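Q:
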Amino acid sequence: MLHPTYRRPQKPLSRRRLPPILDPVFLDPVTANSHQRTRDDHASETAEDYVEAIADAITQNGVCRSVDLVNFFSVTHATVNRTVARLQRDGYVTTAAYQPIELTEAGRRLATQSRRRHAVVYAFLRAMGVSESSAAADSEGIEHHVSDETLSMMKRVVEKGWPQA
1 MLHPTYRRPQ KPLSRRRLPP ILDPVFLDPV TANSHQRTRD DHASETAEDY VEAIADAITQ
61 NGVCRSVDLV NFFSVTHATV NRTVARLQRD GYVTTAAYQP IELTEAGRRL ATQSRRRHAV
121 VYAFLRAMGV SESSAAADSE GIEHHVSDET LSMMKRVVEK GWPQA
């Protein structure tokens, strides 16, 4: 008889079958593509948030400094410096040591596009009856993950009302 706390060793991972939902063989292309889109959205989410914050700081203060972003996002200087370096590498901002952060033309376009998406999602949530505070919080996350098609339909509902069935 085995000791009560003895556990049989599991088969090595390579020989165990994954549940169908986790097995890549069973993933249909639509599901796989939607997961890839979500990963891509996450990759651009930080850039969109930062360029929006930089544009807001420039509008309010005339300049944007790293400390403005540290305070806005409640993160460390190291985090801001890494993110700004990535934005600079991707062509959204220009800056130098001890100099303000400025948006490039591409950065201004991204900030404007992100603000518009945010406004449409917020207005749609408010049209559904969501409270101002919840709509503000939820639209901040949703704006990064909604497809252009869905955003277009949200905008249509906001402008023309709900479609009649």
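For the sequence shown, the positions run 1 to 165 when UniProt numbering is used.
C-beta: ideal position from N, C-alpha, C; glycine also.
A quick note: this is a predicted structure, and the numbers were derived from the prediction, not measured.
(1) Should the region 61 to 68 be called in touch with the region 90 to 106, which here means at least 3 C-beta pairs below 8 angstroms?
(2) By DSSP's criteria, Thr104 is part of a beta bridge. Which residues make up the other side?
(3) Considering only DSSP beta bridges, list what Thr94 is partnered with.
(4) Go ahead and label Val120 buried or exposed: buried means 16 or more other beta carbons lie within 10 angstroms of its beta carbon, across all protein chains shown.
(5) With distances taken between CB atoms, is the gap from Ala55 to Arg108 smaller than 8 angstroms?
(6) Please list, in chain order, all residues of the same chain as Val158 whose beta carbon is under 8 angstroms from its beta carbon, the five residues on each side excluded.
(7) Let me check understanding here. Comparing Cα to Cα, which of Asn71, Tyr50 and Ser152 lies closest to Tyr92?
(8) Where Asn71 and Ala135 are concerned, what is the direct C-alpha to C-alpha distance, given to the nearest angstrom?
A: Taking the definition as stated:
(1) yes
(2) As a working mapping, residue 104 is identified with position 104 in the sequence shown. Per DSSP, none; premise fails for Thr104.
(3) Numbered from 1 along the sequence shown, position 94 holds the residue referred to as residue 94. In the DSSP output, where bridge partners are listed per residue, Thr94 has Glu102.
(4) Along the sequence shown, read from residue 1 onward, the residue named residue 120 stands at position 120. If you draw a 10 Å sphere on the C-beta of Val120, you find 16 or more other C-beta atoms in it, and that means buried.
(5) Numbered from 1 along the sequence shown, position 55 holds the residue referred to as residue 55. Numbered from 1 along the sequence shown, position 108 holds the residue referred to as residue 108. Closer than 8 angstroms, so yes.
(6) Translated into positions along the sequence shown, residue 158 becomes position 158. Around Val158: Val120, Ala123, Phe124 and Ala127.
(7) Locating residue 92 in the sequence shown gives position 92, counting from the first residue. Ranking the options by Cα distance to Tyr92, first place goes to Tyr50.
(8) Counting from one through the sequence shown, the residue named residue 71 turns up at place 71. Counting from one through the sequence shown, the residue named residue 135 turns up at place 135. Rounded to the nearest angstrom, the two C-alpha atoms are 23 angstroms apart.
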